[in-house]
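Trainee:
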Amino acid sequence: SSQHDSRLIMVDSPVKQPRKCLVCSATVTAAHLGMDCCKACAVFFKRAKLAGKLYECRAGNRQCTIVNNDKFSCRGCRFNRCVAVGLVYDGPLRINKKKEKELMQSPASTSSSDLTSRSNSIEGAEETTLTRIGRAYNASIERRRRQEESILAACNEDIKIVPHPTQRVYLASYDTSMRAYDACVAETLIFFREAFPSLARLSRKEQDAVFKGYISKLNMIECHWRTRKTWGEMRQYCMSSVLIAMDLEAPDEWVGDQDGAGNRKTLVESIRSGMNCQFALIIPLLDKAQMTSTEFHALLALVLCEIDVSCEVSDHVYTIAEEIRKEVLDDLQRYYKYKMNIIDCSTRLGNLMTLTHAVRECNSLFLESFRMQITVFDLFQSEEMIKELIL
């Protein structure tokens, strides 16, 4: 059985790629400040934070190349890159002696009751970006649940219930799963506009461009998140929607009856290979991150802010995305400090940022594979909406 499971999830053992520093691309063998970052960049960032320094770009365009151990490299671009990839230093900073004396005279200022008080004051204040994202996402899931219940009740086929101790999980036909996905797309668009109102104020053309680049990344992380919450790990079943699971041991049911024609077996193997590559990259990072629901909601925003350069939008959209990203990271740090009572949150933030970059990489590989499957194997012959949305 264990041998069969290994064959199912990992057909071939993936070749481990050398780890690269997210700042300067130098080869790294260990994490620093909780991320794949070389020691030189980590030390540079820590020193800059300790000194409270702000560096300007030497060239003025913020596009300088960052080279490891080059004393002439632009410190402004290097520092900005450290911030952009999610480096955080929450260690002790240089404290003014007068302030330090004042703090010593106010021991209650760091008590657990004070932390609770501050936490409650945060909850009572204006809704934060991260809270709004979570509220909009949970509302979207409830609407999707009701729609999927209606879809499953109306279909004429035999719906198989997957044994589960606490939840309702179904196996459905390809056609029923596609109807559930249509509902998912419609509700995700509502979530997109409610969670990110600054993007909802863009022109329809730019909204569509950003959403088109976002939907496949959201579907990917949502699938992994819901599967882990439902089954604990990715083994026989993978949650393809709120109520419907995909049987990883029945690959012939992954595609429509007409898809692939005479090359159907090759098409299925191509899809399986792509899934294996994705699992190999994402699952270990999820195991390491052990995300909370709040961190998952933050990840939904962080992957949105990774807008691909091929996306035809104005510079204003990138500015909005950067503002969303900053707001979410600020909210996360308050969440770690006041809700989780974590002083040094660099490791957890680093795990989320690494996941964000991995999702972007997996999505690029998926889109490349998807285009090939559409062209060569006639995948999704009758699903024009999916092809238009993803391609």
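Using this note's numbering, read the sequence shown as starting at 51 and increasing by one per residue. The beta-carbon is built from N, C-alpha and C at its ideal position, and this holds for glycine as well.
Spell out a yes or no on whether the segment 190 to 205 and the segment 230 to 246 are touching, meaning 3 or more CB-CB pairs, one atom from each, closer than 8 Å.
Mentor: Segments in contact, yes.
Trainee: Is K25 helix, strand or coil by DSSP?
Mentor: Lying outside 51 to 441, the shown extent of the chain, residue 25 is not represented and no answer is given.
Trainee: Which residues bound the beta strand (DSSP E) around D225?
Mentor: Note, D225: premise wrong, no beta strand (DSSP E); alpha helix (DSSP H) at 224 to 245.
Trainee: Looking at C-alpha atoms only, which residue of L293, V292, Q286, S290 is the closest neighbour of A300?
Mentor: Of the candidates L293, V292, Q286, S290, the one whose C-alpha sits nearest the C-alpha of A300 is Q286.
Trainee: Jot down the residue ranges of each uninterrupted alpha helix (DSSP H) in the segment 79 to 125, minimum 4 residues, whole runs only, in chain order.
Mentor: Listed in chain order, they are 89 to 101.
Trainee: Cβ atoms of S190 and I240: under 8 Å apart, would you say?
Mentor: Contact: yes.
Trainee: Please determine, among V359, C132, S123, the residue with the shortest C-alpha to C-alpha distance to C88.
Mentor: When each option's Cα is compared against that of C88, the closest is C132.
Trainee: Per DSSP, what kind of secondary structure is T160 in: helix, strand or coil?
Mentor: Low confidence applies here, because T160 scores a pLDDT of 42, under 50, leaving its location unreliable and the question unanswered by this model.
Trainee: To the nearest whole angstrom, what separates the beta carbons of L402 and L352, a pair I think is in contact under 8 Å?
Mentor: About 7 Å separates the two Cβ atoms, so the contact holds.
Trainee: By the three-class DSSP mapping on this structure, what secondary structure does E150 have?
Mentor: Low per-residue confidence applies at E150: pLDDT is 42, beneath 50, and the placement is therefore not dependable, though the value from the model is reported in the following sentence. If DSSP states are grouped into helix, strand and coil, E150 belongs with the helices.
Trainee: Give every residue of the same chain whose Cβ lies closer than 6 Å to the Cβ of Y386, excluding the five residues on either side of it in the sequence, and list them in chain order.
Mentor: For Y386, where only same-chain residues beyond five positions count, the Cβ hits under 6 Å are I392, C395.
Trainee: Would you say V138 lies against chain E (beta-carbon separation less than 8 Å)?
Mentor: This model lacks chain E altogether, as it is built from one protein chain only.
Trainee: So does the segment 327 to 334 actually touch the segment 242 to 249, counting three or more Cβ pairs closer than 8 Å?
Mentor: No: fewer than three Cβ pairs fall under 8 Å.
Trainee: If the criterion is Cβ atoms closer than 8 Å, does the pair E237 and R276 meet it?
Mentor: No, the Cβ-Cβ distance between E237 and R276 is not below 8 Å.
Trainee: Can you tell me whether G136 is buried or exposed? The criterion is at least 16 other CB atoms within 10 Å of its CB, across all chains shown.
Mentor: By the neighbour-count rule (16 or more Cβ atoms within 10 Å), G136 is buried.
Trainee: Look at the Cβ atom of E345, then the Cβ atom of Y224, and state whether they are nearer than 8 Å.
Mentor: Cβ distance not < 8 Å, so E345 and Y224 don't count as in contact.
Trainee: Identify whether T181 lies in helix, strand or coil by the three-state DSSP scheme.
Mentor: Correct three-state label for T181: helix.
Trainee: Between C205, S253, H274, N413, which has its C-alpha nearest D358's C-alpha?
Mentor: Cα-wise, what sits closest to D358 is N413.
Trainee: For C132, write down the residues that DSSP places opposite it in a beta bridge.
Mentor: Answer is none; C132 lacks a bridge partner.
Trainee: The alpha helix (DSSP H) with I374 in it runs from where to where?
Mentor: Taken as a continuous stretch (DSSP letters only), the alpha helix (DSSP H) holding I374 covers 365 to 384.
Trainee: Give the single residue among T369, E356, T397 whose Cα lies nearest to the Cα of A408.
Mentor: Selected option, being the one with the closest Cα: E356.
Trainee: Is it buried or exposed for H214, if we count other Cβ within 10 angstroms and need 16 for buried?
Mentor: Exposed, by the Cβ-count rule.
Trainee: Please report the Cβ distance between L388 and L293, rounded to the nearest whole angstrom; I am assuming they are in contact, meaning their Cβ atoms lie under 8 Å.
Mentor: It should be pointed out that residue 388 corresponds to Tyr in this sequence rather than to Leu. About 35 Å; that fails the 8 Å criterion.
Trainee: Measuring only the C-alpha atoms, how far is A348 from E372?
Mentor: Those two C-alpha atoms are separated by around 14 Å.
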